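This report refers to the structure that appears directly beneath it.
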Amino acid sequence: MITFENLTKIYRGIKAVDNLNLNIPQGTIFGFIGPNGAGKTTTIKMMVGVLRPTRGKIYINGLEIAKEPSKVKSIVGFIPDRPFLYEKLSGIEFLRFKAGLYRMKENRLNEKILDLLNLFELSDWGDELIESYSHGMKQRLIIASAMIHKPRVIIVDEPMVGLDPKGAKLVKEIFKEWANDGATVFMSTHTLALAQEVCHQIAIVDKGRIVASGTSEDLKKQAGIEGNLESIFLKITGGQYPGENV
Amino acid sequence: MRMFKLLISPRLISFKNGLKRSRSNRKIKILVLTGAGSLFWLVLFFLTYKVLMYFSSQEMIGDILARHLLGMVFLIFFSILIFSHVIIALSNLYLSDDLEIYYSSPATLTEVFLSRSFYTVFDSSWMVVVFGLPLMMAYGLVYHAGLDYYLSLIYVSFPLIIISACLGIMVIMLLVRFFPAQKASDIIMLMSVILIVILYLLFRFLRPERLVNPDAFVSIAQYLGALKTPDSPYLPNHWATDILWARLTHYAAAQVFNAILLWSTAFAMVVIDIWIAGRIYFSGFSKAQEAKRRSHTGKRMLEKIVSAVTKPFGPESASLIAKDVRTFFRDNSQWSQLLLLAALVVVYIYNFSVLPLERSPIKSIYLQNALSFLNIGLAGFVILAISARFIFPAVSSEGQAFWIVLSSPLSSRRFLWSKYFAYLLPMLILSEVLIIYTNYLLKVTPFMMALSSVTIFFLVFGIVALGIGLGAVYPNFHHENIAQVATGFGALIYMISSSVFIALVIMLEAGPVYAILSAHFKGVSITYLQWVWVVCSFIGVIFVNIFAVKSPMAAGLKALNSYEG
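As given, the protein sequences belong to chains A and B, one line each in that order.
Residue numbering for the first sequence follows numbering that gives the first Met the number 0, starting at 0 and increasing by one per position.
Residue numbering for the second sequence follows numbering that gives the first Met the number 0, starting at 0 and increasing by one per position.
Have a look at this one:
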């Protein structure tokens, strides 16, 4: 469903993403984890067509994003880490705007929008301007807007930022449901417990390169230790718990 | 004091780093803007010097006029300073994002207030000081002032700035005490726009061109009476003027008294402001953090406009245009500027209605048609002024939410052309109304009416394309306020290139139009060679128009496709 071929991005001589190769099958929740500055957001921005790769290719559903951007984007839902939105639109107007961009037909659109607002507990705020929303509410609205066109691939950058425990639980359940329905979820996160709980496969990326990948069991073998994802991550990326050497 | 220094340090360090680490294209922008600013500075100095030299050559009334001018200058400076402090204090004291850091720090309320007021004084007054200097220097030069005059400029302007700052900050603290900061911002925006429009219209309708007509004034007394400024000995600008005039004319009276008045008022105002801040500043700030509920008034009207505007477009473009229309009407800083531009249009049309064509020594029919031809250019520039404010920033208006468009299936081409067509129709209607109505006032020939209507029709295609295209070439998605985009480097390039485009079309048409009109009025037919010239010129106009549409849109598309946000 998602394939990277030698994907590379160079910013002013620095390799932010270095020759990534990946193949993610349909229906997978894929965790993309790594320390700050590892190249996670850069990779995601290339996947959604916001950045262009310096070298290499990205295929989604067999289509290359560089060659057929509109076709690829129409089956992708993107949830960015920072909720920049059109502050002067109301929640409902924003969802209608997104539906228009994805060429959705008018029939039952209102119903669908109300369902999404209900699902994300925003129905009381649907008519209010986004500028009056809290950070968490904006994040929930973005997730709702990413679902409006029933995407087959969901690309998420730090999904839990700003969400309360109830919202976070809801999002986890939704991701699992999507994957069960055959959608592929590509998720970058620092919340290792979330990755361990919901991801079928995980790649650990450091300095732009994939340093380990596979299921949680595969990663344990590669790291050569038993334990949770956090200790595997720290072992592989060369990090340590504070005070570990003391 | 240590805390105060610490609180103002982020801005100083950011400014220093911005200069030190700026990239080469930013350096070029700084150089261009500094160059333009210096040129403006020199022109201001030269003009003031010329005016003062002219005054000094006038016996008896020369000095009176110069004194009046100085008083007027200080009155204007003082008013501008108060006004800009009101506007800037609102964002610096209540709305800035970094205020949270200040309030959550162990700094006292007075320290926070004083550090933010320091920013406000600097932001509001640097431009007035920089552009006031050439005027004051011209006075010094003409009146052969000594060093004491230039030193007195410092001790006069400093308390004057402090008094205006304290007044401005006091007004905003009281406003925010009764209205939430967001609402206060809307009120100030609307008030300021209405004030500017009224002043502008009043100035125009007073018809200052009559001042050059000697018949208009019976005596010097009447002339001086007309010049009289609304000055009062109770105003600080009056004390400042008195001190400087005394220095210029070496007349020592009341200088010390006026200086004491200025400084003691400044000190008293600072104390009063700190006292008021201690009582109401925090509660106002706290209120500013509360979410604003939406007013439902005018919602139905807006929906009608949206559905009418988006009707001819497909779903993607319609979504984009609907979003732009809603954002435009809900952002007061946007639609309130329509008032300013409406005033510009009213004055433009009014100018034509008061043209004294019948008193002209040139035969009226020639003049009417010549004016009508020039009017194509004038209307073009009016359209350009409006476009620079609304069309050039159209791409940048997506702001930090541009990721939504970039990650959607909407292609850059469709995005750009949707913006283009959304602005094209209203601009076409406006330009045709302008040109047809002003031509009607001029009573031009049917040929000129047709030529102007057709020319402006095609000019608008180019002006809008240049705005959208260059707006995409020079986007600013990280602006705090969309009005900033219209004052940037890209906007300057847009103004220059569009002016060249309008001038080129006018120049290409000027010769053939003259030939046709001359032949018409002389009752002779146009020669074969003239016909060739006419046809070639109009083909040239068509090519220039095609180029003005195609090339900026292609450049904009290329820039958008290679944009990496």
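All C-beta atoms in this analysis are idealised placements derived from N, C-alpha and C, irrespective of residue type, glycine included.
If you're wondering where the values come from, they're calculated on a predicted model, not measured in any experiment.
Given 8 Å, three or more beta-carbon pairs between the stretch 69–86 of chain B and the stretch 153–163 of chain B: yes
Within-8 Å CB hit, A/Tyr58 to chain B: No Cβ of chain B is located within less than 8 Å of the beta carbon of A/Tyr58.
8 Å contact criterion, which B/Ile492 and B/Leu458 should meet: CB distance rounded: With a Cβ gap of about 18 Å, B/Ile492 and B/Leu458 do not count as contacting.
A/Gly30 - containing beta strand (DSSP E), residue span: Ile28 to Ile32
Residues that A/Phe185 bridges to, as DSSP identifies them: A/Phe29 and A/Ile154
Own chain, CB closer than 8 Å to B/Pro213, minus 5 neighbours either side, in chain order: Low local confidence applies: a pLDDT of 46 at B/Pro213 is under 50, so the model's placement there is unreliable, and no value is given.
Exposed unless 16 or more other CB atoms sit within 10 angstroms - verdict on B/Glu99: exposed
Contact the stretch 371–386 of chain B vs the stretch 448–465 of chain B: 3+ CB pairs below 8 Å: yes
7 Å Cβ cut-off: residues of chain A touching B/Ala317: Neighbours of B/Ala317 across chain A, judged by C-beta separation under 7 Å: Gly99.
Rounded separation between A/Trp177 and B/Lys28 - CA only: 49 Å
Cβ-based burial, B/Ser37 [other Cβ within 10 Å; buried from 16]: So B/Ser37 counts as exposed.
Backbone CA spacing between B/Tyr53 and B/Leu134 [nearest angstrom]: 15 Å
For B/Val128 and B/Ile81, the rounded distance between their alpha carbons: Inter-residue distance for B/Ile81 and B/Val128 is about 14 Å (C-alpha atoms, whole angstroms).
Beta bridge counterpart(s) of B/Ile462 as assigned by DSSP: Its beta-bridge partners do not exist; DSSP assigns none.
Where the alpha helix (DSSP H) through B/Asn236 begins and ends: Counting along the chain, the alpha helix (DSSP H) containing B/Asn236 begins and ends at Pro235 to Thr248.
Stretch-stretch touch, CB-based, cutoff 8 Å, three pairs: the stretch 252–272 of chain B with the stretch 91–109 of chain B: no
Three-state class that DSSP yields for B/Val523 in the structure shown: coil
A/Gly166 beta carbon less than 8 Å from that of A/Leu246: Beyond the ends of chain A as shown, which are 0 and 245, falls residue 246 of chain A; an answer cannot be given.
B/Ser318 to B/Leu433 span [Cα, whole Å]: 30 Å
Chain-ordered neighbours of A/Phe77 on chain B, where CB pairs are closer than 7 Å: Contact annotation for A/Phe77 against chain B: Ser406 [CB-CB distance below 7 Å, chain order].
Distance CB(B/Phe3)-CB(B/Ser95) smaller than 8 Å: no
Below-8 Å beta-carbon distance, B/Ala567 vs any chain A residue: No statement about residue 567 of chain B is possible, as the shown extent of chain B runs from 0 to 564 and does not include it.
Segments assigned alpha helix (DSSP H), at least 4 residues, entirely inside the stretch 40–117 of chain A: 68–72 and 90–100
Short CB-CB distance (under 8 Å) between A/Arg51 and chain B: yes
Segment contact, 8 Å Cβ cut-off, at least three pairs: the stretch 535–549 of chain B with the stretch 506–518 of chain B: yes
Alpha-carbon spacing of A/Leu191 relative to A/Arg151, whole angstroms: 24 Å
Proximity test, Cβ basis, 8 Å: A/Gly26 and chain B: no
Opposing strand residues paired with A/Val16 [DSSP bridges]: A/Lys8
Rounded separation between A/Gln221 and A/Asn227 - CA only: Going from the Cα of A/Gln221 to the Cα of A/Asn227 covers about 13 Å.
Assigned exposure category for B/Val548 - 16 Cβ within 10 Å defines buried: buried
6 Å Cβ shell around A/Gly30 - same chain, five flanking residues per side excluded: Met186, Ala194, Cys198 and Ile201
Chain A within 8 Å of B/Pro392, Cβ atoms only: no
Between the CA atoms of B/Ala471 and B/Phe420 - distance to the nearest angstrom: 15 Å
According to DSSP, residues forming a beta bridge with A/Ser212: A/Ala202
Rounded Cβ spacing between A/Thr41 and A/Ala15 (contact assumed at less than 8 Å): 4 Å
CB contact below 8 Å: A/Lys137 versus chain B: Chain B, which has no Cβ nearer than 8 Å to the Cβ of A/Lys137, makes this no.
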